[in-house]
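J.: I have a structure here, written as C-alpha cells, and I will follow up with some questions on it.
Structure representation (C-alpha cells):
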C-alpha cells in the first residue's frame, strides 16, 4: 500500500516537472509596458489618491487643466489658455473643445466646475477659492478673496472628472483608462484611443502594467531578466556595472527634501542655539558621500534645488561644518563631557536610507560628545505618533517634492495641515504671505528667498540633501524623461527598432 | 447515534468560540497599538477632510466595542466585511490570494513528501553505509540554509542565468509555482526526512521484521510494505504541522518569487492596520487548522487502526 502512494506521489511530481516551460504566461507582447512601482494605490477612487507615486500613475488616466513639462514649466493641457486679473484674484480658463472622457461624454465647463467642487470636499487646498463658475460652455472663472499667485499650480494638479459620475469618479480624459487592479500585485491600464492625446498619433503601448514590487532586489532581478521594462525609482547606489551596460539609466535629483527635523517646541530643540550647534556638527558632504556615493545635492534650506530659480543659492554652506564651534556653543549652554547633550531620533524603519543617515549622523555627533539615540519606528506608528502627534525630539524624513516653491515651504508654516517641526515665526509667515500675493515673479522669488533664509537662520532642522534618483529602462525603450517630480508619461514612450 | 453527534457538536461549538475569542483579541490588540488606519491609508499628503471621509466611509468613527459587535453580526451572516486598505470584499481578497498559497502549498507538500520518502528510503536501504551519512549531511545542510538565500540562488541560477522561469506573471499557471515549491520542499523535506528515517529504522529492527525475514519475505517487501507504515505514524504529526505552515503562507518565498499569496496579504494588512482583513485571514487559518487536524486524525486511523 505504501509503495502505491510512493509511486503516485512520484508520478505526480514527474508530471509537474515535465510541464515546465520557459515561458509560463502569454507570449511577450511588445505593446505591453511593464513598470515596477513600490507602493499600492491608496484607493481606486482618484479623490483618495495622495502619494506622489500613485499620482504619477493615475496622471495617465486623468488630466488637469495645465501640465508641467520636463523643465517644470506650466503648459496648457485640457485648457487652451488661461489669464489672471485683479492682482491674481481672478483667473479665467478656456478649455479645449472636442475632448472625450472614457465614458464617451464630452468635456465642458460644467465638468471643471463639478471637479473643483468635488475636490474641495476632500482637501483644504481649495478653501481659498470663493467661487468657480462656468461663464460659457468652455470658459470658467475662478475668484479668490485674496491674491493667489500659486493657483496655476493647483490648476496643474487638479484632475478633471466627468460630472455624470458624481461622487464616484472613474472616467478621465487621459491616454489610458483603468483596466484592472489585483490588490498587492498589479494595476493595469488600457489605451483609450479616443483621447485628445491621440489626435495626432496613437500611443505606442496598448497596455501598461504597473507591477507592485516593494523589494529592490526583486526589481533588479526583473530588470535583469527582462520581465520588467522600467523602474522609475531606483537608488543609484544599487546599480552595478552590468546594469549600466545592459540597461538605459537616467539619473537626477528627485525633488525630495531629506532632513533631520527638530521639534522646535520640545527640549532640547526649543533652544535655537542647540539647533545651530547641531547644524555645525554635521558634515553633510561626507554624509552624502557615505550614503549615496556622492549622488545627491546638498541642501541648506527647506526645499529642493530642482526649482532652481526659487531656491536661495546664497544659503549654500550656511552652516559650515565646524565641530569645534559646535562643541564650544554647547559648552556655553552648559553641556560637557560629564553632562553631554542626549536626544532621541525616531526613524521610520521601512526607509533604509533614513536608518543609515541616522547612523552616520550619530557617529558625527559622538565626536563632539552629543549622543543621539536612534529609535526605529514602524511606519504606521511613525505616521500617527511622530508625524501627526509630533511626539518626538528629532526625526529623519524625506519631504516629497512639489512643483511649487510655495507648497514646499508652507509645510514648515503654522498654516500647514501638519506643522511637523512646530515652527512658529512671524516673519516667515509674512514672507509666505507676500509670496502668495505677489503679482510679479521677481517679487515672488524675493519673498520665497526670504522665507528660506529664515528657515536656515532659525536652524529649523538640519536640511541634508536631495538624493538622486535613477530611472532604469530597457535599452530600446525611448521617450522616457526625468521630470521635476515623479512622472510616468507613458503616452510618450515607445520601443525603438 | 448520539454518541457520534454530541462530540461533533462539542468540536463545532469549541471552534466557533475560538473564532470569536480570536476576533475579539485582534480587535483589542489593534486598539492598543498605535497607528491610525485613516492616516495610514491616506498618507502624509492627506488633508484632515480626506481623513475624516475615510473614517466615515469605513465606520472607523464608531467605538471599538460597537465595531466588534457589527463585525460579529456580519460573520454570523457569512459576510467577512470590507477591506479598509484595498476597498474590496475580504472574502474575494482571501479567495484570490489563498488560491495562490494553496497551489504553492500543495505542490510543496507533494515535493516534500516525495523527497523525504526518497532520502529516507536510501537511508534505510543503505543502513550504516557511507551513502546514509551523506543523506544525513544533506538533511542537516538544508535545515541550516535560510529559505530566502536558497530562493535567491534558485532565481539567479534557474531564472536569470538559465532562463528556465520568469517572475512577475500577470496570470499564474501551475508551472510558475514549481521553483518556489522546490525551495520550500528542500527545507521542509529535510525536517520530515529526519523523522521518517529515525522511526523507520526503529521499525526495521522490530521482531516482526526478523520473523518475516525468517519466513522468506524479502527485505524490500518488509521495509516498504510493513515497516514503513509503522515508521510513518509519528511522522504524520510532522506532516500536519508542515502542511499548516505551508498553508499559512510562506511570506519570505512569496516575497522573493513575487507570488501574491496569503502570507504577503497578511503582512500588508498588519502594516496598514486593516482589521477586517486580518480577522478574515485569521478565520481562514482557523478553518484550515481544523480541517488539517481532522485529516491527520483520519490518517492516524488508517495507518494504525488499532490505535
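Chains as they are written, first to last, in the UniProt record's numbering: chain A, 1 to 497; chain B, 1 to 307.
Quick reminder that beta carbons are idealized off the backbone N, C-alpha and C, glycines included.
Does the beta carbon of residue 408 of chain A sit closer than 8 Å to a beta carbon anywhere in chain B?
T.: No, its Cβ sits nowhere closer than 8 Å to a Cβ of chain B.
J.: Residues bridged to residue 372 of chain A by DSSP?
T.: Looking at the DSSP assignment, residue 372 of chain A forms a beta bridge with A/343.
J.: Would DSSP call residue 162 of chain B helix, strand or coil?
T.: Of the three classes helix, strand and coil, the one that applies to residue 162 of chain B here is coil, per DSSP.
J.: Given 8 Å as the limit, is there contact between the stretch 236–252 of chain B and the stretch 175–189 of chain B, that is, 3 or more CB pairs closer than that?
T.: Yes, since at least three Cβ pairs between the stretch 236–252 of chain B and the stretch 175–189 of chain B fall closer than 8 Å, the two stretches touch.
J.: Any C-beta of chain B sitting closer than 8 Å to the C-beta of residue 415 of chain A?
T.: It does not; no Cβ of chain B falls within 8 Å.
J.: Would you say residue 258 of chain B faces chain A, with C-beta separation under 8 Å as the test?
T.: It does: the Cβ of residue 258 of chain B has a partner Cβ on chain A nearer than 8 Å.
J.: List the DSSP bridge partners of residue 105 of chain B.
T.: Answer is none; residue 105 of chain B lacks a bridge partner.
J.: When the distance is taken between beta carbons, is residue 180 of chain B closer than 8 Å to residue 257 of chain B?
T.: It is a contact, given that the beta carbons lie within the stated cut-off.
J.: Return no unless some Cβ of chain D is closer than 8 Å to the Cβ of residue 34 of chain B.
T.: Among the protein chains in the structure shown, which are A and B, there is no chain D.
J.: Bridge partners of residue 132 of chain A, per DSSP?
T.: A/142, per the DSSP bridge assignment.
J.: Would you tell me roughly how many angstroms separate the C-alpha atoms of residue 36 of chain A and residue 124 of chain B, rounded to the nearest one?
T.: Taking the straight line from one Cα to the other gives about 50 Å.
J.: Can you look up residue 213 of chain A in the DSSP assignment and give me helix, strand or coil?
T.: Three-state DSSP puts residue 213 of chain A in coil, outside helix and strand.
J.: Any idea what DSSP makes of residue 292 of chain B, helix, strand or coil?
T.: Here residue 292 of chain B sits in helix by DSSP.
J.: Assuming the contact rule is C-beta atoms closer than 8 Å, residue 423 of chain A and residue 264 of chain A should be a hit. Round their C-beta distance to whole Å, please.
T.: 5 Å between Cβ atoms; contact.
J.: Tell me, which residues are paired with residue 82 of chain A by DSSP?
T.: Paired residues: A/93.
J.: List, in chain order, every chain B residue whose beta-carbon is nearer than 9 Å to that of residue 459 of chain A.
T.: Here the premise fails: no neighbours, minimum Cβ distance about 23 Å.
J.: In chain B, what lies closer than 7 Å to residue 489 of chain A by C-beta?
T.: Ordered by position in chain B, no residue passes the 7 Å Cβ test against residue 489 of chain A, which lies about 21 Å from the chain.
J.: Compare the Cα-Cα distances from residue 495 of chain A to each of A/382, A/366, A/56 and A/203 and report the closest residue.
T.: The candidate whose alpha carbon is nearest that of residue 495 of chain A is A/203.
J.: What residues in its chain sit with their C-beta under 7 Å from that of residue 396 of chain A, if we drop five residues either side in the sequence?
T.: Here the set comprises 260, 345, 347, 354, 357 and 358.
J.: Please go through the stretch 402–441 of chain A and give each complete alpha helix (DSSP H) segment of 4 or more residues, from N-terminal end onward.
T.: DSSP runs (the alpha helix (DSSP H)) wholly in the stretch 402–441 of chain A: 405–409 and 426–437.
J.: Residues in its own chain within less than 8 Å of residue 184 of chain A by CB, not counting five upstream and five downstream?
T.: Result list for residue 184 of chain A: 40 and 212, in chain order.
J.: Would you kindly check if the distance between the Cβ of residue 432 of chain A and the Cβ of residue 464 of chain A is under 8 Å?
T.: Taking 8 Å as the Cβ cut-off, residue 464 of chain A and residue 432 of chain A do not qualify as a contacting pair.
J.: Return helix, strand or coil for residue 466 of chain A, following the three-state DSSP convention.
T.: Here residue 466 of chain A sits in strand by DSSP.
J.: Excluding five sequence neighbours on each side, which residues of the same chain lie with their C-beta closer than 7 Å to the C-beta of residue 24 of chain A?
T.: At residue 24 of chain A the pLDDT is 38, less than 50, meaning the model places this residue with poor confidence; the figure from the coordinates comes in the next sentence. So the list is empty, once near-sequence residues are dropped.
J.: In the stretch 386–398 of chain A, which residues sit with their C-beta less than 9 Å from some C-beta in chain B, listed in chain order?
T.: Listed by position along the chain: 387, 388, 389 and 397.
J.: May I ask you to list, following chain order, the residues of the stretch 40–69 of chain B that have a beta carbon less than 8 Å from some beta carbon of chain A?
T.: Answer set for the stretch 40–69 of chain B: 40, 41, 42, 43, 44, 45, 46, 47, 48, 49, 50, 53 and 54.
J.: Closest to residue 175 of chain A by C-alpha separation, out of A/149, A/205 and A/158, would be which residue?
T.: Closest option to residue 175 of chain A, Cα to Cα, is A/205.
J.: Let me check understanding here. Comparing Cα to Cα, which of A/235, A/68 and A/326 lies closest to residue 294 of chain A?
T.: Here the closest residue by C-alpha is A/235.
J.: State the Cα-Cα distance for the pair residue 327 of chain A and residue 281 of chain A, rounded to the nearest angstrom.
T.: Residue 327 of chain A and residue 281 of chain A: Cα-Cα distance of roughly 8 Å.
J.: Should residue 27 of chain A be flagged as near chain B, meaning a C-beta pair shorter than 8 Å?
T.: Its pLDDT being 41, under 50, residue 27 of chain A is placed unreliably by the model, and the measurement read from it follows with that caveat. Taking Cβ atoms only, chain B never reaches closer than 8 Å to residue 27 of chain A, which makes this a no.
J.: If we count Cβ pairs, one from each stretch, closer than 8 Å, do we get three or more for the stretch 134–145 of chain B versus the stretch 187–197 of chain B?
T.: Enough Cβ pairs lie closer than 8 Å, so yes.
J.: Shortest alpha-carbon distance to residue 231 of chain B belongs to which of B/240, B/204 and B/239?
T.: Nearest of B/240, B/204 and B/239 to residue 231 of chain B, Cα basis: B/204.
J.: When you compare the CB positions of residue 106 of chain A and residue 95 of chain A, do they come within less than 8 Å of one another, or not?
T.: Their beta carbons are not under 8 Å apart, which means residue 106 of chain A does not touch residue 95 of chain A by this criterion.
J.: Name the chain A residues that come within less than 9 Å of residue 255 of chain B, Cβ to Cβ?
T.: Those within 9 Å of residue 255 of chain B in chain A are 214, 215 and 218.
J.: Taking Cβ positions only, does residue 88 of chain B come closer than 8 Å to chain A?
T.: Taking Cβ atoms only, chain A reaches closer than 8 Å to residue 88 of chain B, which makes this a yes.
J.: Excluding five sequence neighbours on each side, which residues of the same chain lie with their C-beta closer than 6 Å to the C-beta of residue 119 of chain B?
T.: Contacts found: 135 and 193.
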